[in-house]
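Have a look at the structure below before the remarks.
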Amino acid sequence: MTDTTPTTDELVAHFAGKLAFEIDPTDVHHEREAGARFVLIDSRGDAAWAQGRISGAVHLPTAQIAHRAPAEVPLDTPVITYCWGPGCNGATRAALEFARLGYQVKEMIGGFEYWAREGFPVEDDHGPVHRDIDPLTSAVATVTCDC
């Protein structure tokens, strides 16, 4: 039997790499509140966008990124992509398209689902939508989860 236990260096590289390419909804929200400069891209289709989206996000379906992004998103602007949720890799596909174009990009893990479940601002075609915080995804009595 071969020992496949990763070394400390391998472990550090793996987890540091994940943090270099991924961000969670709470961190995106805090970055926005702090005034960080980035564009939040909703990579879903028109019906999903109309049903609900993160307030202030830009609608840019994955199939349109290569054509529209160079004209609509400055190359020096960091990009964060999202799609439905953890069961969907649409945000990964969108991030790949932005990376191919030379953008600095991260994928928001948890997607729209976890953004909404954490009680952050959501809207649909009729305006703001209020959602209570889901206690299974976020601390209800505090602003941060302390993780």
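First residue of the sequence shown: 3, per the working numbering; consecutive thereafter. Each residue gets a CB set at the ideal place from its N, CA and C atoms; glycine is no exception. This one's a predicted model, so the numbers in the text were calculated from it and none came from an experiment.
Quiz item: Short check: CB of ALA42 to CB of ILE25, under 8 angstroms?
Solution: Per the sequence presented here, residue 42 reads as Leu, with Ala not at that position. Not closer than 8 angstroms, so no.
Quiz item: Thinking just about the alpha-carbon of each residue, which of HIS132, LEU103, LEU77, ASP29 is nearest to the one in GLY113?
Solution: Nearest C-alpha to GLY113: ASP29.
Exercise. Tell me where the alpha helix (DSSP H) around GLY19 begins and ends.
Key: Counting along the chain, the alpha helix (DSSP H) containing GLY19 begins and ends at 10–23.
Quiz item: Cβ atoms of VAL81 and VAL107: under 8 angstroms apart, would you say?
Solution: It is a contact, given that the beta carbons lie within the stated cut-off.
Quiz item: Starting from VAL111 and walking both ways along the beta strand (DSSP E), at which residues does that stretch end?
Solution: Note that residue 111 is Ile in the sequence shown here, rather than Val. Per DSSP, ILE111 belongs to no beta strand (DSSP E) and is neither H nor E.
Quiz item: Hey, LEU103 and ALA71: beta-carbon distance below 8 angstroms or not?
Solution: Yes, the pair counts as a contact, with Cβ atoms nearer than the cut-off.
Practice problem: Sort ASP126, PRO63, MET110, LEU98 by Cα distance to GLY89 and report the nearest one. | Solution: Shortest Cα-Cα distance from GLY89 to any of ASP126, PRO63, MET110, LEU98 involves MET110.
Self-check item: Burial state of GLU85 (16 or more Cβ within 10 Å)
Solution: The sequence shown places Cys at residue 85, rather than the Glu named in the question. Around the beta carbon of CYS85, 16 or more other beta carbons sit within 10 angstroms, so the residue counts as buried.
Practice problem: Indicate the three-state DSSP secondary structure (helix, strand or coil) for ARG119 in the structure shown. | Solution: In the structure shown, ARG119 sits in a helix (DSSP, three-state: H, G or I).
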